[in-house]
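J.: Per mature numbering (1 follows the signal peptide of the UniProt record, and there is no 0), the sequence shown runs over residues -16 to -1, 1 to 191. Could you have a look at this structure, given as structure tokens, before my questions?
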Amino acid sequence: MWIFYFLFWTAVKASAEEPLYRKIGDQVVLTPDSVENPITYIRWKHGPNIAMQWNGEEIISYKQFKVRGSLNISTGVMTITGLTLDDSGIYTPEINNKETSNTQLLVISPVPKPTISVSCDTGRTYCVLTCSGSITGAEPVTYRWTAGDKERTSTKELKITKEDKEEWFSCTLENPVSSNSSEKVFNPFIESELSHQQISAVTHLMY
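Here you go:
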């Protein structure tokens, strides 16, 4: 029974660990939990495959880690540089033949600079602003709208009406490794009102 509870607690603890996000091209430093000195054996696995290991004599690296991986034999720390999408996965350290907690690494792209498109209904009673940008490989992504000096809804689309008096709107794309904001888009209702006033003024001067 105690073994069952121990395994259950371990599984819950592992699933509760937050992923470690890094941007393409960056580096990551993977640190094992408590280490008992002296260290005589180190092995890091990437998924089910061995990434790097040290048996007390020489460091042996595999696949992409031959070029971009390094191992500190004093601490057990593994460093990966020039990260690519293929480096994502579960990394599990084994120090002195004892496996410790793993780390889930997620390598993602930075978010692009978004653009805003405006679509209004035929009666021009409301307009929908859409925040767009290619987010393939950049997930998870969140949206954030700014209206003048106020923060608005965190959705891809923002619906506005004549009651919205802010002069401009902008949207921001964010993920765990980056943030990027669009250019400002002026309130279409204010622009329409100004255009109407200008036309009225010109007509008045003509007559």
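Virtual Cβ for every residue (Gly too), placed ideally from N, Cα, C. Being a predicted model, the structure only gives us computed values, none of them experimental.
Return the residue from the list T126, I100 and T106 that minimises the CA-CA distance to T114.
T.: That would be I100, whose Cα lies nearest to the Cα of T114.
J.: For K50, report the span of its alpha helix (DSSP H) as first-last.
T.: Residues F49 to R52.
J.: In the structure shown, what three-state DSSP assignment does L67 receive?
T.: Three-state DSSP puts L67 in coil, outside helix and strand.
J.: Starting from the C-beta of S163, find all residues in its chain whose C-beta is less than 8 Å away, skip the five residues before and the five after it, and write them out in chain order.
T.: Closer than 8 Å at Cβ, skipping near neighbours: V95, T156 and L157.
J.: For the beta strand (DSSP E) that contains Y127, what are its first and last residues?
T.: Here the beta strand (DSSP E) through Y127 covers T126 to A131.
J.: Judging by CA-CA distance, which residue of E78, L67 and K143 is the nearest neighbour of I57?
T.: Checked all of E78, L67 and K143; the closest Cα to I57 is E78.
J.: Taking C-beta to C-beta, are K29 and T59 nearer than 8 Å?
T.: For K29 and T59, no; Cβs fall outside 8 Å.
J.: Per DSSP, what kind of secondary structure is I23 in: helix, strand or coil?
T.: Of the three classes helix, strand and coil, the one that applies to I23 here is coil, per DSSP.
J.: Looking at N86 and I23, is the spacing between their C-beta atoms short of 8 Å?
T.: In this structure, N86 does not lie closer than 8 Å to I23 by Cβ.
J.: Would DSSP call I174 helix, strand or coil?
T.: Reduced to three states, the DSSP call for I174 is helix.
J.: Could you compute how far the alpha carbon of S138 sits from the alpha carbon of Y127?
T.: Spanning the two alpha carbons is a distance of roughly 5 Å.
J.: Helix or strand or just coil, what does DSSP make of V87?
T.: Before going further, note that residue 87 is Thr rather than Val in the sequence given. The answer is strand: DSSP assigns T87 an E or B state.
J.: Look at G73 and L55 and say whether their C-beta atoms are less than 8 Å apart.
T.: No, the pair does not count as a contact, with Cβ atoms beyond the cut-off.
J.: How close, in whole Å, do the beta carbons of I119 and V112 come, if the pair is a contact with beta carbons under 8 Å?
T.: Their Cβ separation, rounded to whole angstroms, is 19 Å, which puts I119 and V112 out of contact at 8 Å.
J.: Use the C-beta contact count for G66: other C-beta atoms within 10 angstroms, 16 or more gives buried, fewer gives exposed.
T.: So G66 counts as exposed.
J.: Within 8 Å of any Cβ in chain D, is that where the Cβ of L4 sits?
T.: No chain D appears in the structure shown, which is made up of a single protein chain.
J.: Rounded to the nearest angstrom, what separates R136 and E167 at their Cα positions?
T.: Using only the alpha carbons, I get a separation of about 16 Å.
J.: At which residues does the beta strand (DSSP E) containing R6 begin and terminate?
T.: It spans L4 to K7 - the beta strand (DSSP E) in which R6 sits, taken as one unbroken run.
J.: Tell me which residues share the same chain as D10 and place their Cβ nearer than 6 Å to its Cβ, disregarding the 5 neighbours each side in the sequence.
T.: Cβ neighbours of D10 beyond the five flanking positions: L67.
J.: Looking at the secondary structure, which residues open and close the beta strand (DSSP E) in which S116 lies?
T.: That run of the beta strand (DSSP E) goes Y110 to S116.
J.: Could you give the residue range of the beta strand (DSSP E) that holds Q37?
T.: Looking at the DSSP string, the run of the beta strand (DSSP E) that includes Q37 is N33 to W38.
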